[in-house]
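Report on the structure given below.
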Amino acid sequence: MHTAIGVFDTRDGAAAAYEKLLERYVPPQEIVYLTRPEEEDSSAGKKLGVKVGGLTGIATGMTVGVGAAVFFAVPGIGQVVALGFGAAALLGLAGAGAGSAMRKTAADDVTVRPTPHRKCSEDVELFRKVLTEGHSLIVVRSESQEVANVANGVFNRLGMNMPEHTPIRMQAAQRQLDDVVIVDVSGRITLGEGSAVLRQVVRENLEQGHRKILFNLHDVGYIDSSGLGELIKLYATVRSQGGQLKLVQVSERVRDLLHMTKLHLVLEIEPDEAAAIQSFTAPGRH
Numbered sequence: 002m003h004t005a006i007g008v009f010d011t012r013d014g015a016a017a018a019y020e021k022l023l024e025r026y027v028p029p030q031e032i033v034y035l036t037r038p039e040e041e042d043s044s045a046g047k048k049l050g051v052k053v054g055g056l057t058g059i060a061t062g063m064t065v066g067v068g069a070a071v072f073f074a075v076p077g078i079g080q081v082v083a084l085g086f087g088a089a090a091l092l093g094l095a096g097a098g099a100g101s102a103m104r105k106t107a108a109d110d111v112t113v114r115p116t117p118h119r120k121c122s123e124d125v126e127l128f129r130k131v132l133t134e135g136h137s138l139i140v141v142r143s144e145s146q147e148v149a150n151v152a153n154g155v156f157n158r159l160g161m162n163m164p165e166h167t168p169i170r171m172q173a174a175q176r177q178l179d180d181v182v183i184v185d186v187s188g189r190i191t192l193g194e195g196s197a198v199l200r201q202v203v204r205e206n207l208e209q210g211h212r213k214i215l216f217n218l219h220d221v222g223y224i225d226s227s228g229l230g231e232l233i234k235l236y237a238t239v240r241s242q243g244g245q246l247k248l249v250q251v252s253e254r255v256r257d258l259l260h261m262t263k264l265h266l267v268l269e270i271e272p273d274e275a276a277a278i279q280s281f282t283a284p285g286r287h
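Residue numbers are given in my numbering: position 22 of the sequence shown equals residue 23, and the series is strictly consecutive.
See below:
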């Protein structure tokens, strides 16, 4: 099974991607659309036949063969609107109840709750985190590599495509080249462990007198809003102590995110390691 994952800042962006997937002949039964409702009220479920997160008319069209739009109640998130079979599993919800709910119409105003103490997989944790931040999410799961490639292409153009196998736990390995400390970061920089690890790395290096720090983000597939905030804080902290913090080899997905948030205008980003090392000593770059 191949998986393509797209994250969108707006419902309209997700809606455009959904419609483009259908135009590119991605089977609708292989698409799951997840978003937060505009109204935090279960009665809003009766409006799904008219509009769901910008998907005008799609909700009613999906009731045949794919399943209707459904509200799920997810602890820590609230209500989530889902289109497509398999949404319950992506959210870590109870299989039997959710499956029956997905066969109901939107007007039935169904709320499905997770099985108590159900252990969530890393992907489930990620999907919930993305929704909590107010983003919309589209997941395509197909036996066809070609279909997954088409979906990834759509997500790259219209949103932020996330690699299927990016580990959720962030790891950081440190090395030194001349007087520059290079921190190779992999995984996802998110609230909690990821941000804390980077904070500790920077603090320890500053305490040891290292003032030139380079974060290699080549293997970072996702940064949430807390992770972005942490990068800005660390950048300011290093600068306040007379040092420099730069990013290098930023992955395409993270680069797109930095551009969407305009943070590429704040953080110093270098294309490769050689250019980054040279930039630390170049005049006017401090």
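Where is the CB? At the ideal position from N, CA and C, for every residue including glycine.
Roughly how many angstroms separate the alpha carbons of Leu264 and Leu229, rounded to a whole number?
Counting from 1 along the sequence shown, the entry for residue 264 is found at position 263. Counting from 1 along the sequence shown, the entry for residue 229 is found at position 228. So the alpha carbons of these two residues sit roughly 8 Å apart.
Tell me whether the beta-carbon of Val184 lies closer than 9 Å to the beta-carbon of Val202.
To locate residue 184, count along the sequence shown from 1; it is residue 183. To locate residue 202, count along the sequence shown from 1; it is residue 201. Against a cut-off of 9 Å, the Cβ pair of Val202 and Val184 comes out as a contact.
Reducing DSSP to helix, strand and coil, say where Ala108 ends up.
Along the sequence shown, read from residue 1 onward, the residue named residue 108 stands at position 107. Annotation note: pLDDT 35 at Ala108 (below 50); position unreliable, coordinate value reported separately. In this structure, Ala108 counts as helix in the three-state DSSP scheme.
Between Leu23 and the rest of its own chain, which residues show a CB-CB distance below 7 Å, the 5 nearest in sequence each way excluded?
To locate residue 23, count along the sequence shown from 1; it is residue 22. Hits under 7 Å: Pro29.
Which class does Asp273 belong to by DSSP, given the choice of helix, strand or coil?
Here residue 273 is taken as the residue at index 272 of the sequence shown, counted from 1. Coil.
If I follow the unbroken beta strand (DSSP E) through Asp13, where does it start and stop?
Against the sequence shown, residue 13 aligns to sequence position 12. Counting along the chain, Asp13 falls outside any beta strand (DSSP E), though it belongs to the alpha helix (DSSP H) covering 12-24.
Per-residue burial, Asn206 [other beta carbons within 10 Å of its own, 16 or more giving buried]
Translated into the one-based positions of the sequence shown, residue 206 becomes position 205. Buried.
Exposed or buried, what is Thr282 when buried is set at 16 or more other beta-carbons lying within 10 Å of its beta-carbon?
In the sequence shown, residue 282 corresponds to position 281, counting from 1. Thr282 sits exposed, since fewer than 16 C-beta atoms from the chains shown fall within 10 Å of its C-beta.
If you count every other CB in all the chains shown that lies within 10 Å of the CB of Tyr26, and 16 or more means buried, which is it?
Counting from 1 along the sequence shown, the entry for residue 26 is found at position 25. Exposed, since its Cβ has fewer than 16 Cβ neighbours within 10 Å.
Could you spell out the range, first to last residue, of the alpha helix (DSSP H) harbouring Ile233?
The residue labelled residue 233 in the question sits at position 232 within the sequence shown. Annotation: the continuous alpha helix (DSSP H) that includes Ile233 extends over 226-241.
Should the stretch 211-230 be regarded as contacting the stretch 252-269, the criterion being three or more beta carbon pairs within less than 8 Å?
yes
Could you check how far apart the C-beta atoms of Glu31 and Val141 are, in whole angstroms? I think they sit under 8 Å.
Counted from its first residue, the sequence shown places residue 31 at position 30. Counted from its first residue, the sequence shown places residue 141 at position 140. Contact flag correct, Cβ pair sits at about 6 Å.
Identity of the residues DSSP links to Ala152 by a beta bridge:
For the purposes of this step, residue 152 is taken as the residue at position 151 of the sequence shown. None, per the DSSP bridge assignment.
Pull up the distance between the alpha-carbon of Asp13 and that of Leu138, whole angstroms please.
The count along the sequence shown starts at 1 and reaches residue 13 at position 12. The count along the sequence shown starts at 1 and reaches residue 138 at position 137. Each residue's Cα considered, the two are about 12 Å apart.
Going by CA-CA distance only, name the one from Met261, Asn150, Val181, Ala16 that's closest to Leu84.
The residue you call residue 84 lines up with position 83 of the sequence shown. Selected option, being the one with the closest Cα: Ala16.
Ignoring anything shorter than 3 residues, give me the beta strand (DSSP E) runs that lie fully in the stretch 178-228, in order along the chain.
181-190, 213-224
Buried or exposed by the 16-neighbour rule on C-beta atoms within 10 Å, applied to Arg37
If you number the sequence shown from 1, residue 37 lands on position 36. Counting Cβ neighbours within 10 Å, Arg37 comes out buried, since at least 16 surround it.
Given this structure, state the Cα-to-Cα distance separating His3 from Glu147, to the nearest angstrom.
The residue you call residue 3 lines up with position 2 of the sequence shown. The residue you call residue 147 lines up with position 146 of the sequence shown. The straight-line gap from Cα to Cα measures roughly 9 Å.
By the DSSP assignment, the beta strand (DSSP E) with Ala83 in it spans what residues?
The residue labelled residue 83 in the question sits at position 82 within the sequence shown. Its beta strand (DSSP E) spans residues 79-84.
His136 - DSSP class collapsed to helix/strand/coil
In the sequence shown, the residue the question calls residue 136 occupies position 135. Three-state DSSP puts His136 in coil, outside helix and strand.
CA nearest to the CA of Glu231, picked from Ala70, Leu199, Asp257, Ser280:
Reading the sequence shown from its first residue, position 230 is the one you call residue 231. Among Ala70, Leu199, Asp257, Ser280, the Cα nearest to that of Glu231 belongs to Leu199.
Straight-line CA distance for Ala60 to Ile233?
For this step, residue 60 is matched to residue 59 along the sequence shown. For this step, residue 233 is matched to residue 232 along the sequence shown. Because the pLDDT at Ala60 is just 41, under 50, the model does not fix this residue reliably, and the value given afterwards should be weighed accordingly. One C-alpha to the other measures close to 40 Å.
Opposing strand residues paired with Leu248 [DSSP bridges]:
Taking the first residue of the sequence shown as position 1, residue 248 is located at position 247. DSSP, once it has assigned bridges, lists Phe216, Ile270 as partnering Leu248.
Mind reading off the beta-carbon distance from Val131 to Val267? Whole number of angstroms is fine, and I expect it under 8 Å.
Translated into positions along the sequence shown, residue 131 becomes position 130. Translated into positions along the sequence shown, residue 267 becomes position 266. Not confirmed; about 23 Å, so no contact.
Arg129: buried (16+ other C-beta within 10 angstroms of its C-beta) or exposed?
Translated into the one-based positions of the sequence shown, residue 129 becomes position 128. Under this definition Arg129 is a buried residue.
Give the straight-line distance between the Cα atoms of Gln177 and Ala275, rounded to the nearest whole angstrom.
Along the sequence shown, read from residue 1 onward, the residue named residue 177 stands at position 176. Along the sequence shown, read from residue 1 onward, the residue named residue 275 stands at position 274. Taking the straight line from one Cα to the other gives about 13 Å.
Measure the alpha-carbon distance for Ser187 versus Phe86 and round it to whole angstroms.
As a working mapping, residue 187 is identified with position 186 in the sequence shown. As a working mapping, residue 86 is identified with position 85 in the sequence shown. Using only the alpha carbons, I get a separation of about 32 Å.
Beta-carbon separation of Arg212 and Gly244 under 9 Å?
In the sequence shown, the residue the question calls residue 212 occupies position 211. In the sequence shown, the residue the question calls residue 244 occupies position 243. Yes. Within cutoff.
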